[in-house]
Amino acid sequence: MRTPVLSSRLGAEALGTFWLVFGGCGSAVFAAKFLTPDVPSGQSVQLGIGFLGVALAFGLTVMTMAYAVGHVSGAHFNPAVTIGVAVAKRFPWKEVPAYVVAQLVGGLVAGLALWGIARGVKGFEVTGHLAANGYGEHSPGGYTLVAVLVAEAILTAFFLYIILGSTDERAPVGFAPIAIGLGLTLIHLVSIPISNTSVNPARSTAVAFFNGNGAPGQLWAFWVAPIVGAAIAGATYHLVTGIDRRDEDITGMVDPEDTRAAT
């Protein structure tokens with residue numbers, strides 16, 4: 001199968017990251033909490049989607065775009081994933097910077113769109129309410145920096161294990177986007193109260209500067225922890241599975257020689 005040209009792959013990465021940020025963060029900003037008047041009782045009724053809905057939204061954005069453009073770019077949509085698969089030697093290092101830039105551009109455009117839409121309702125305060133990640137006083141549950149770093153690293157590592165495993169040829173064909181999307185949903189169910197869930201530096205960067213309220217100053221944590229977690233997973237996946245595919249093969253094919261070499 002012919003690999004699409006780099007410009008097409010970068011466009012797919014920007015598009016996918018835009019959708020991840022717009023759909024995931026947008027669900028948190030606009031739909032997580034939505035109160036509407038209950039005329040008979042005179043009280044407001046919560047019609048929002050809550051944490052569960054936001055978690056599903058993030059998972060669905062990745063799943064849908066993985067099906068839509070995964071065959072073009074590999075559907076990373078995340079600098080930590082790109083670095084992790086490069087560490088696993090499933091992706092060439094020379095293309096990592098271009099992928100990361102494309103992801104950041106797509107994410108920032110989505111952040112700009114969310115910021116513009118959020119300003120469209122009277123009385124809505126954008127600052128501090130744009131789904132930014134944080135620790136300490138900026139953590140939804142008040143979790144410390146150390147707790148957030150540990151959670152983000154562990155969850156990103158397992159996200160990469162899911163990606164590497166589900167795209168293996170031995171896995172059920174055509175189901176990788178579902179496994180990856182549900183994996184991201186589970187990650188959000190665990191960690192929204194901890195950090196608002198990053199596991200993706202592009203997602204964090206996309207809204208940090210529009211959110212303000214301390215988010216830009218804490219952004220470094222949501223680059224360091226996900227990248228460390230992804231790098232650990234990329235470096236250890238072959239040890240865990242017994243399949244050594246560290247040969248820059250990103251097709252999902254397993255050579256019988258690799259299996260014998262790892263035993």
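Position 48 of the sequence shown, counted from 1, bears residue number 48 in the UniProt record's numbering, the numbering being contiguous throughout.
Note that beta-carbon positions come from the ideal geometry of N, C-alpha and C, so glycine has one too.
It should be emphasised that the depicted structure is a prediction, and the values quoted were computed from it without experimental measurement.
Residues that DSSP places opposite residue i in a beta bridge
i: Gln103; result: Answer by DSSP bridge pairing: none, since Gln103 is not bridged.
i: Thr17; result: Its beta-bridge partners do not exist; DSSP assigns none.
i: Leu155; result: None; Leu155 has no bridge partner.
Distance between beta carbons of residue j and residue i, contact taken as under 8 Å
i: residue 269; j: Gly84; result: Nothing can be reported for residue 269, as the shown portion of the chain is limited to 1 through 263.
i: Val105; j: Thr82; result: About 14 Å separates the two Cβ atoms, so there is no contact after all.
i: Phe34; j: Gly48; result: 4 Å
Proximity winner among the options, relative to residue i (alpha-carbon distances)
i: Leu20; options: Leu60, Pro216, Asn213; result: Leu60
i: Ala102; options: Gly120, Ala75, Val126, Gly123; result: Ala75
i: Phe22; options: Thr205, Val228, Ala235; result: Thr205
i: Ala157; options: Leu149, Ala28, Gly229; result: Gly229
i: Ile180; options: Thr64, Leu130, Val126; result: Thr64
i: Pro193; options: Leu182, Ala208, Pro140; result: Pro140
i: Val150; options: Ala202, Trp223, Ala98, Val87; result: Trp223
Residue i, buried or exposed, once every other Cβ within 10 Å from all chains shown has been counted against 16
i: Thr17; result: buried
i: Leu6; result: exposed
i: Thr144; result: exposed
i: Thr3; result: exposed
i: Thr197; result: buried
i: Met253; result: Per-residue confidence for Met253 stands at a pLDDT of 42, beneath the threshold of 50, marking its modelled position as unreliable; no derived number is given.
i: Gln218; result: buried
i: Val146; result: exposed
i: Ser44; result: exposed
Jot down the residue ranges of each uninterrupted alpha helix (DSSP H) in the segment 217-247, minimum 4 residues, whole runs only, in chain order.
Within the segment 217-247, the complete alpha helix (DSSP H) runs of at least 4 residues are 221-241.
Tell me the start and end of each unbroken alpha helix (DSSP H) in the segment 167-225 that is at least 4 residues and wholly inside, in chain order.
176-195, 201-211, 215-218
Any chance you could list the alpha helix (DSSP H) runs of at least 4 consecutive residues sitting entirely within the segment 61-87, in chain order?
Listed in chain order, the alpha helix (DSSP H) runs fully inside the segment 61-87 are 79-87, counting runs of at least 4 residues.
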